[in-house]
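Here's the structure we're looking at; comments come further down.
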Amino acid sequence: MTTETLEARSIPEAKKVGMVSLGCPKALVDSERILTRLRADGYAMSPDYAGADVVLVNTCGFLDSAKEESLEAIGEAIAENGRVIVTGCMGEEAEVIRARFPEVLAVTGAHQYEQVVEAVHVAAPPTQGPFVDLIPQPDVKLTPRHYSYLKISEGCNHSCAFCIIPRLRGKLASRRIDAVLREAEKLVAAGTRELLVISQDTSAYGVDIRHESRDWHGHPVRAHMTDLARELGTLRTPEGQVPWVRLHYVYPYPHVDAVIPLMAEGLLTPYLDIPFQHASPKVLKAMKRPANEARVLERIRSWRQIAPDLTIRSSFVVGFPGETEDDFAYLLDWLEEAQLDRVGAFRFEPVEGAAANALPDPVPEAVKEERYARIMEVTERISAAKLAAKIGRTLPVIVDEVGEPDEDGDVGATARSQADAPEIDGQVFLRNVPATLKPGDFAEALIEDADAHDLFGVLTETG
Ligand code: SF4
Numbered sequence: 068m069t070t071e072t073l074e075a076r077s078i079p080e081a082k083k084v085g086m087v088s089l090g091c092p093k094a095l096v097d098s099e100r101i102l103t104r105l106r107a108d109g110y111a112m113s114p115d116y117a118g119a120d121v122v123l124v125n126t127c128g129f130l131d132s133a134k135e136e137s138l139e140a141i142g143e144a145i146a147e148n149g150r151v152i153v154t155g156c157m158g159e160e161a162e163v164i165r166a167r168f169p170e171v172l173a174v175t176g177a178h179q180y181e182q183v184v185e186a187v188h189v190a191a192p193p194t195q196g197p198f199v200d201l202i203p204q205p206d207v208k209l210t211p212r213h214y215s216y217l218k219i220s221e222g223c224n225h226s227c228a229f230c231i232i233p234r235l236r237g238k239l240a241s242r243r244i245d246a247v248l249r250e251a252e253k254l255v256a257a258g259t260r261e262l263l264v265i266s267q268d269t270s271a272y273g274v275d276i277r278h279e280s281r282d283w284h285g286h287p288v289r290a291h292m293t294d295l296a297r298e299l300g301t302l303r304t305p306e307g308q309v310p311w312v313r314l315h316y317v318y319p320y321p322h323v324d325a326v327i328p329l330m331a332e333g334l335l336t337p338y339l340d341i342p343f344q345h346a347s348p349k350v351l352k353a354m355k356r357p358a359n360e361a362r363v364l365e366r367i368r369s370w371r372q373i374a375p376d377l378t379i380r381s382s383f384v385v386g387f388p389g390e391t392e393d394d395f396a397y398l399l400d401w402l403e404e405a406q407l408d409r410v411g412a413f414r415f416e417p418v419e420g421a422a423a424n425a426l427p428d429p430v431p432e433a434v435k436e437e438r439y440a441r442i443m444e445v446t447e448r449i450s451a452a453k454l455a456a457k458i459g460r461t462l463p464v465i466v467d468e469v470g471e472p473d474e475d476g477d478v479g480a481t482a483r484s485q486a487d488a489p490e491i492d493g494q495v496f497l498r499n500v501p502a503t504l505k506p507g508d509f510a511e512a513l514i515e516d517a518d519a520h521d522l523f524g525v526l527t528e529t530g
């Protein structure tokens, strides 16, 4: 085919899809997958409502407040564009959405990729040009290129009383280990410097597929958290650096002990996100939490002996039905002992359809507020002391953003230490960085100051 004929044929403009992505990192991964599929089908992405032929709203339906936010986002998309498809967790409540917005074009649930893509095809049939599919495109990413979420499973086999995720997302369904590792390898080769392993229950990875073994680069690897962690620890960036690998949503099952030595060896980021939710055995039992065992404090101590820089992030619910002042005091004492590095606290909120709603002895709102203020006071004090102890140390950091020069020509940058997961933890603010520094660069920073959440410092070395 000659150049003239190529130019003479008009290539129809691709249909554009807008995306509003709400909710947790897992929902963000779903949005990325949907957009990757749509782009392979010849669609383009629209950064605004006005330019979109159809708008997808990926909703969150976990808490009532998240549902309301999802409904508001649907309302805004309808007002601004009018052609709206709803997907995600709240898609399970299609009747609620349709009752409020009868003009919505289609409603699909979480992970129903085929159905969402089909609904887009119906709403805005693709205008594939003859050359659109010739070049494979990299996956669409909604996070910056230097960090990526690696989803290892869907759903959950537990039945925590406050949670409706198993109902929304179904039972645990683990991905094949070789597929997970291939994705991780591809991401690192394409520029990812930090992998965030996510699921509903990372410690349970592979239980549903009997930890099935697959061949990976000539040796068998099981679908198991420890094998996964070990293999991720062997990845290298094209420059030969060890990418950061963070484990999220880890429950303290006994085999968690096996990943701590990998952290001590520098092959896995010394960071564990363990959603403890409470400490009182009575409340944990009422919550029906998995891996609820008495020796957790002892194990935290031994983990820290092996990997002294281990950062533990966790979240807690205050005001769960039946939580007495004694239970709450137990939690505060436990926190003083555990000295967790990062803590998020939530006031218990009944979620429609959750078993906890039927429990007796609801905690009055005023008491919840008061307990929330107290837990925040304790955890902020611990966090501030832990961060203050880092002043004077040199820590490895990853750069997220480099600013513009100020009036004196100084350039600042925002980075994170290994203790900081993107978007949920703190940051390291760097002064006076070289103008050549870029997002995704690894560096060493001397910490000069700290507050309750963030660190402040100066680079000693870039890598
Ligand atoms: S472990 Fe509990 S809180 Fe987490 S997704 Fe499963 S049921 Fe929900």
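With the working numbering applied, the sequence shown corresponds to residues 68 to 530, in that order.
Quick reminder that beta carbons are idealized off the backbone N, C-alpha and C, glycines included.
Report task. Check whether the stretch 491-502 touches the stretch 458-475, taking contact to mean three or more Cβ pairs, one atom from each stretch, closer than 8 angstroms. Result -> yes
Requested in this report: Assuming residue 415 contacts residue 389 (C-beta within less than 8 angstroms), just tell me the rounded distance between them.
Outcome: Taking the first residue of the sequence shown as position 1, residue 415 is located at position 348. Taking the first residue of the sequence shown as position 1, residue 389 is located at position 322. So it is not a contact: roughly 10 angstroms between Cβ atoms.
Report task. For residue 29, I'd like the list of residues in its chain whose CB is within less than 6 angstroms of its CB, leaving aside the five on either flank, ordered along the chain. Result -> Residue coverage of the chain in this structure runs from 68 to 530, which leaves residue 29 outside it and unanswerable.
**Report entry** Through-space distance from residue 454 to residue 113, alpha-carbon basis
**Finding:** Translated into the one-based positions of the sequence shown, residue 113 becomes position 46. Translated into the one-based positions of the sequence shown, residue 454 becomes position 387. Cα to Cα, the separation comes out at about 41 angstroms.
Report task. Please specify which runs of the alpha helix (DSSP H), each continuous and at least 4 residues long, are wholly inside the stretch 294-318, giving them in chain order. Result -> Correct list: empty.
Query raised in the report: Between 521, 489 and 472, which lies nearest to residue 504 when the distance is taken from Cα to Cα?
Result: In the sequence shown, counting from the first residue as 1, residue 504 sits at position 437. Of 521, 489 and 472, the residue nearest in Cα terms is 472.
Query raised in the report: Going straight from the alpha carbon of residue 506 to that of residue 214, what length do you get?
Result: Here residue 506 is taken as the residue at index 439 of the sequence shown, counted from 1. Here residue 214 is taken as the residue at index 147 of the sequence shown, counted from 1. Cα to Cα, the separation comes out at about 10 angstroms.
**Report entry** DSSP-derived helix/strand/coil call for residue 338
**Finding:** As a first step, residue 338 must be located in the sequence shown, where it is residue number 271. The answer is strand: DSSP assigns residue 338 an E or B state.
Requested in this report: May I ask which residues mark the beginning and end of the beta strand (DSSP E) holding residue 88?
Outcome: For this step, residue 88 is matched to residue 21 along the sequence shown. It spans 83-88 - the beta strand (DSSP E) in which residue 88 sits, taken as one unbroken run.
Report task. Below 6 angstroms CB to CB, which residues in the same chain sit around residue 92 once its five sequence neighbours on both sides are set aside? Result -> Looking up residue 92 in the sequence shown gives position 25. If we look at residue 92 and ignore the five residues flanking it on each side, its Cβ neighbours are 216 and 265.
Query - Distance between residue 130 and residue 189 (C-alpha atoms, nearest Å) - result: Reading the sequence shown from its first residue, position 122 is the one you call residue 189. Reading the sequence shown from its first residue, position 63 is the one you call residue 130. Each residue's alpha carbon lies about 31 angstroms from the other.
Report task. Just grab the DSSP bridge partners of residue 112 for me. Result -> Here residue 112 corresponds to residue number 45 of the sequence shown, with the count starting at 1. Beta-bridge pairing links residue 112 to 84.
Query raised in the report: Of the residues 84, 450 and 306, which one's Cα is nearest the Cα of residue 183?
Result: Sequence index remark: in the sequence shown, residue 183 carries index 116 (1-based). Comparing Cα-Cα distances from residue 183 to each of 84, 450 and 306, the minimum goes to 84.
Report task. Give the DSSP-derived three-state secondary structure of residue 251 in the structure shown. Result -> Translated into positions along the sequence shown, residue 251 becomes position 184. Three-state DSSP puts residue 251 in a helix.
Report task. Please classify residue 409: is it buried, with 16 or more other beta-carbons within 10 angstroms of its beta-carbon, or exposed? Result -> Here residue 409 corresponds to residue number 342 of the sequence shown, with the count starting at 1. Buried.
Requested in this report: For residue 286, name the three-state secondary structure that DSSP assigns.
Outcome: What you label residue 286 is simply residue 219 of the sequence shown in a count that begins at 1. Strand, per DSSP.
Report task. Below 6 angstroms CB to CB, which residues in the same chain sit around residue 518 once its five sequence neighbours on both sides are set aside? Result -> Start at 1 with the first residue of the sequence shown, and residue 518 comes out as number 451. Same-chain partners within the cutoff: there are none.
**Report entry** Member of 191, 175, 212 and 272 whose CA lies at the smallest distance from the CA of residue 222
**Finding:** Counting from one through the sequence shown, the residue named residue 222 turns up at place 155. When only C-alpha atoms are compared, the closest one is 272.
**Report entry** Element boundaries [beta strand (DSSP E), containing residue 218]
**Finding:** Translated into the one-based positions of the sequence shown, residue 218 becomes position 151. It spans 214-218 - the beta strand (DSSP E) in which residue 218 sits, taken as one unbroken run.
Report task. Look at residue 344 and residue 356 and say whether their C-beta atoms are less than 8 angstroms apart. Result -> Start at 1 with the first residue of the sequence shown, and residue 344 comes out as number 277. Start at 1 with the first residue of the sequence shown, and residue 356 comes out as number 289. Result yes, Cβ atoms of residue 344 and residue 356 sit closer than 8 angstroms.
Query raised in the report: Are the Cβ atoms of residue 231 and residue 421 separated by less than 8 angstroms?
Result: For the purposes of this step, residue 231 is taken as residue 164 along the sequence shown, with counting starting at 1. For the purposes of this step, residue 421 is taken as residue 354 along the sequence shown, with counting starting at 1. In contact: residue 231 and residue 421 (Cβ atoms closer than 8 angstroms).
Query raised in the report: Does the separation of the CB atoms of residue 150 and residue 121 fall below 8 angstroms?
Result: To locate residue 150, count along the sequence shown from 1; it is residue 83. To locate residue 121, count along the sequence shown from 1; it is residue 54. Contact flag set, yes.
Query raised in the report: If you measure from the CB of residue 223, is any heavy atom of ligand 1 nearer than 7 angstroms?
Result: The count along the sequence shown starts at 1 and reaches residue 223 at position 156. Residue 223: yes, Cβ under 7 angstroms from ligand 1.
Query raised in the report: The beta strand (DSSP E) with residue 328 in it runs from where to where?
Result: The residue labelled residue 328 in the question sits at position 261 within the sequence shown. Premise fails: residue 328 lies in the alpha helix (DSSP H), 327-331, not in any beta strand (DSSP E).
Requested in this report: At 4 residues or longer, and completely inside the stretch 422-500: list those alpha helix (DSSP H) runs for me, N to C.
Outcome: 432-455
Query raised in the report: residue 127 to residue 103, Cα distance in whole Å?
Result: Here residue 127 refers to the residue found at position 60 when the sequence shown is read from its first residue. Here residue 103 refers to the residue found at position 36 when the sequence shown is read from its first residue. The straight-line gap from Cα to Cα measures roughly 20 angstroms.
Query raised in the report: Just checking my contact of residue 309 with residue 270 at CB under 8 angstroms: how many whole Å lie between their CB atoms?
Result: Here residue 309 corresponds to residue number 242 of the sequence shown, with the count starting at 1. Here residue 270 corresponds to residue number 203 of the sequence shown, with the count starting at 1. About 23 angstroms separates the beta carbons of residue 309 and residue 270, which is beyond the 8 angstroms limit, so they are not a contact pair.
Query raised in the report: Cβ of residue 226 versus every heavy atom of ligand 1: is any distance shorter than 7 angstroms?
Result: For the purposes of this step, residue 226 is taken as the residue at position 159 of the sequence shown. Remark: the shortest separation between the CB of residue 226 and any heavy atom of ligand 1 falls under 7 angstroms.
Query - CA nearest to the CA of residue 162, picked from 341, 256 and 174 - result: Taking the first residue of the sequence shown as position 1, residue 162 is located at position 95. Answer by Cα proximity: 174.
Query - residue 133: first and last residue of the uninterrupted alpha helix (DSSP H) it sits in - result: What you label residue 133 is simply residue 66 of the sequence shown in a count that begins at 1. First-last of the alpha helix (DSSP H) with residue 133: 131-147.
Requested in this report: Using a threshold of 8 angstroms, state whether the C-beta atoms of residue 544 and residue 144 are closer than that.
Outcome: Nothing can be reported for residue 544, as the shown portion of the chain is limited to 68 through 530.
Query - the stretch 239-259 touching the stretch 278-293, judged by at least three CB pairs closer than 8 angstroms - result: Verdict: yes, contact present.
Query raised in the report: Residues bridged to residue 511 by DSSP?
Result: In the sequence shown, residue 511 corresponds to position 444, counting from 1. DSSP lists 463 and 528 as partners of residue 511.
Query raised in the report: Once you ignore the five residues that flank residue 118 on each side, which residues in its own chain have a CB closer than 8 angstroms to its CB?
Result: Position 51 of the sequence shown holds residue 118. Apart from the 5 residues on each side of it in sequence, residue 118 sits with its Cβ closer than 8 angstroms to the Cβ of 83 and 85 in its chain, given in chain order.
**Report entry** When 313, 399 and 105 are compared against residue 193, the one with the closest alpha-carbon
**Finding:** The count along the sequence shown starts at 1 and reaches residue 193 at position 126. Here the closest residue by C-alpha is 105.
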